[in-house]
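Here the sequence shown stands for residues -29 to -1, 1 to 88, where the numbers follow mature numbering (1 follows the signal peptide of the UniProt record, and there is no 0). Each residue gets a CB set at the ideal place from its N, CA and C atoms; glycine is no exception. Note sheet for the following structure.
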Amino acid sequence: MPRQSASRSAARPACPARLWLAAAGCALAAVPGAAEEAEFGQLVAAEGAEETFYACTACHSEMIVAQQGKTREGWAELLDWMVEEQGMAELEPAEREVILDYLAAHYNTDRPNFPRR
């Protein structure tokens, strides 16, 4: 009887889980902007997300930000507290305004206190 040279795994159908993962990966790659949206973790993709991400994640996860709901004044007080009590580097005034505008627009008291998906 001739010896079979093909391995058993080559003859088996592909694992459904592997096929699903491959399809999901292709679908994400095909969605315009999908990679950019995840670039700053759970933060809402909008003007100011980059500055907020880098200012905040120097000390903690962006999830801490995404779980909050504060007024602009509340965010300003929190930034002051982090600088004064937690050792956060003081932000340049223009950068602070961009971050406060972003936080007030996307993580205010009118939103649910959990990350957007």
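Do you know offhand how far residue i's Cα is from residue j's?
i	j	result
MET59	MET53	5 Å
TYR78	GLU18	13 Å
HIS31	GLY40	17 Å
PRO64	GLU10	25 Å
ALA16	ARG67	18 Å
ALA20	ASP81	19 Å
ALA48	ALA26	Contrary to the premise, residue 48 reads as Glu rather than Ala in this sequence. Each residue's Cα considered, the two are about 15 Å apart.
ALA29	GLU44	22 Å
GLY(-5)	ASP51	Because the pLDDT of GLY(-5) is 48, which lies under 50, any placement of that residue in the model is unreliable, and the number read from its coordinates should be weighed accordingly. Taking the straight line joining both Cα atoms gives about 42 Å.
PHE24	VAL69	12 Å
ILE35	GLU55	19 Å
Am I right that residue i and residue j are in contact with their C-beta atoms under 8 Å? What's the rounded C-beta distance?
i	j	result
GLN13	ALA37	4 Å
TRP46	LEU71	6 Å
Using 9 Å as the threshold, is the C-beta distance between residue i and residue j below it?
i	j	result
GLU33	TYR73	no
THR42	ALA75	yes
**Report entry** Complete beta strand (DSSP E) runs within the region 1 to 56 (minimum length 3 residues, chain order)
**Finding:** none
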